[in-house]
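Peer 1: Quick one: this structure, given as structure tokens, is what I'll be asking you about.
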Amino acid sequence: MIAARTAAGFSVLDSYSRMVRLGEGLQKSGELTDEAMGRTIEAVRACAVRIEKRRPVLIRAVATEACRRAANGRAFIDRIRHETGVAIDIISSREEAELAVESCASLLLQARGGQGETAASPAANRGLLLDIGGGSTEIAWVRLDPERRIHEVIGYVSIPAGVITLSEKFSRRRPGVYRAMVSYVRKYLENFEAVHRIRGELQRGNVRMVGTSGTVTTLACLDLDLARYTRWAVDGHYLDRQASQKAISRLHRMGISGMRAHPCIGPERAAYVMPGCAIFDAVQSMWPGGVIVADRGLRDGMLIRMMKGAAQANMRRDGPHRAASADASATSGRETLFSI
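The number in my numbering is simply the position in the sequence shown, starting from 1, with 125 added.
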């Protein structure tokens with residue numbers, strides 16, 4: 126994602142996305158496979174071409190769970206730098222959760238009664254963010270201050286189950302496999318609930334839940350009955366418990382062939398939809414409630430942090446008045462990043 130700063134935040138100039146399945150096979154071997162690494166290097170090369178064309182002033186690239194877990198993850202990052210010139214950081218699960226929260230902060234902090242919501246009640250002072258990835262799922266428990274527009278991650282858990290790892294662990298398509306996936310994921314949530322008592326806060330109506338991932342946006346597409354994916358319709362959509370269950374039931378009826386043919390899913394993602402739904406279902410069984418759908422994630426969170434960091438650096442160097450003036454006129458400054 127390549128973006129330019131604007132008065133309202135940032136404007137995306139260019140973006141590139143490819144499903145490389147870097148963690149494919151990791152569940153069995155503990156290492157990244159040659160095929161997965163090859164696909165990923167080709168995708169990074171495509172990003173390097175865009176970086177060279179735009180010549181951004183700030184660049185950050187990150188890798189997440191697959192490289193954290195793989196025995197050859199660090200060696201692969203070194204290989205990427207050698208072959209493409211792109212330097213990538215392997216970030217911690219905590220930073221991954223914090224970046225997801227950063228990207229979704231505006232949705233967490235807004236008052237209820239938005240797109241699709243029925244209760245126009247005061248903003249919550251707790252947030253629960255669900256980010257379903259390929260190799261892991263990050264859940265963050267967030268303290269919110271809507272009046273001051275600030276947030277703080279006060280708890281997080283990284284579950285070693287993403288859509289790829291779960292699909293490999295439960296690869297045999299047999300009766301009951303979906304419920305087995307749900308039960309497997311739910312076990313990882315029990316300690317987090319015991320520590321933070323999230324269910325009680327939910328019952329008091331004090332929690333705003335946000336979900337970000339292809340799984341959650343797919344459920345929104347089905348709830349909205351979209352003929353093709355439309356970001357502006359999906360981002361910020363309120364998905365209540367009944368609607369999400371109806372969408373998951375529809376996916377069960379579709380089967381793999383129906384999901385491959387669906388314009389909002391397609392053949393590349395079809396095999397990973399139900400493992401993602403199982404993760405979502407496990408979270409909902411532990412913490413039932415409506416979810417705000419977010420079509421945003423790590424790349425957005427990284428851009429926001431990069432721009433905040435640049436503004437703070439200007440403040441320290443130039444003082445508040447000059448820094449504010451420079452920041453307001455910096456719409457030509459470009460930041461770029463991508464994540465694996």
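Every residue gets a Cβ at the ideal spot worked out from N, C-alpha and C, and that includes glycine.
DSSP three-state label for THR343, please.
Peer 2: Helix, per DSSP.
Peer 1: Out of SER217, ALA265, ILE289, which has the shortest C-alpha to C-alpha gap to VAL398?
Peer 2: Closest by alpha carbon: ILE289.
Peer 1: Could you check what DSSP says for TRP357 in three-state terms: helix, strand or coil?
Peer 2: Note: TRP357 maps to helix in three-state DSSP.
Peer 1: Apply the 10 Å Cβ neighbour rule to GLU223 and answer buried if 16 or more other Cβ atoms are within range, or exposed otherwise.
Peer 2: Result: buried.
Peer 1: What is the DSSP secondary structure of GLU326, counted as helix, strand or coil?
Peer 2: It is helical.
Peer 1: Alpha carbons only, please: which of VAL169, ILE184, TYR281 is nearest the one belonging to SER217?
Peer 2: Out of VAL169, ILE184, TYR281, TYR281 has the C-alpha closest to the C-alpha of SER217.
Peer 1: Find out if the Cβ-Cβ distance for the pair SER253, VAL341 is shorter than 7 Å.
Peer 2: The question names Ser, yet the displayed sequence has Leu at residue 253. Contact: no.
Peer 1: According to DSSP, is HIS387 helix, strand or coil?
Peer 2: Reduced to three states, the DSSP call for HIS387 is coil.
Peer 1: So the alpha helix (DSSP H) SER308 belongs to, where does it begin and stop?
Peer 2: Taken as a continuous stretch (DSSP letters only), the alpha helix (DSSP H) holding SER308 covers 302 to 321.
Peer 1: Would you check if the segment 301 to 310 and the segment 405 to 413 touch, i.e. whether three or more CB-CB distances between them fall below 8 Å?
Peer 2: With the cut-off at 8 Å, the segment 405 to 413 and the segment 301 to 310 touch.
Peer 1: Taking the straight line between their C-alpha atoms, what separation do you get for SER136 and LEU428?
Peer 2: Whole-angstrom Cα-Cα distance: 10 Å.
Peer 1: Quick test of the definition: if touching needs 3 or more C-beta pairs under 8 Å, does the segment 255 to 262 touch the segment 144 to 151?
Peer 2: Yes, the segment 255 to 262 is in contact with the segment 144 to 151.
Peer 1: Let me know if ASP203 comes out buried or exposed under the rule of 16 or more other beta-carbons within 10 Å of its beta-carbon.
Peer 2: ASP203 should be labelled exposed.
Peer 1: Who are the Cβ neighbours of ILE381 in its own chain at under 8 Å, not counting the five residues just before and after it?
Peer 2: Same-chain partners within the cutoff: ALA395, ALA396.
Peer 1: State the start and end residues of the unbroken beta strand (DSSP E) segment that holds GLY280.
Peer 2: First-last of the beta strand (DSSP E) with GLY280: 275 to 284.
Peer 1: Exposed or buried, what is ALA133 when buried is set at 16 or more other beta-carbons lying within 10 Å of its beta-carbon?
Peer 2: It counts as exposed.
Peer 1: How long is the line joining the alpha carbons of ILE368 and HIS362, rounded to whole angstroms?
Peer 2: Strictly speaking, residue 368 in this sequence is Ala, with Ile absent from that position. For ALA368 and HIS362, the distance between alpha carbons rounds to 11 Å.
Peer 1: Specify the secondary structure class of VAL145 as computed by DSSP and reduced to three states.
Peer 2: It is coil, neither helix nor strand.
Peer 1: If you count every other CB in all the chains shown that lies within 10 Å of the CB of GLY336, and 16 or more means buried, which is it?
Peer 2: Buried, by the Cβ-count rule.
Peer 1: Alpha carbon to alpha carbon, what distance is there between LEU364 and ARG385?
Peer 2: Taking the straight line from one Cα to the other gives about 23 Å.
Peer 1: Taking only the alpha-carbon atoms, compute the straight-line gap between GLU471 and ARG268 and give it to the nearest angstrom.
Peer 2: The requested residue 471 is not part of the displayed model; the chain covers only 126 to 465.
Peer 1: Can you tell me which of the three DSSP states ASP365 falls into?
Peer 2: Residue state, collapsed to three classes: coil.
Peer 1: So which of LYS371, GLU190, THR355, SER154 has the shortest CA-CA distance to ILE390?
Peer 2: It is THR355.
Peer 1: Can you tell me which of the three DSSP states THR158 falls into?
Peer 2: Coil, per DSSP.
Peer 1: Is it buried or exposed for GLU221, if we count other Cβ within 10 angstroms and need 16 for buried?
Peer 2: Flag for GLU221 reads buried.
Peer 1: Would you call the CB atoms of ALA225 and GLY422 closer than 7 Å?
Peer 2: For ALA225 and GLY422, yes; Cβs fall inside 7 Å.
Peer 1: Quick check on the DSSP output: the beta strand (DSSP E) that includes GLY260 runs from which residue to which?
Peer 2: Segment: none, GLY260 is in no beta strand (DSSP E) and carries neither H nor E.
Peer 1: Who are the Cβ neighbours of ASN197 in its own chain at under 6 Å, not counting the five residues just before and after it?
Peer 2: Within the same chain, ASN197 has close Cβ partners GLU156, LEU157.
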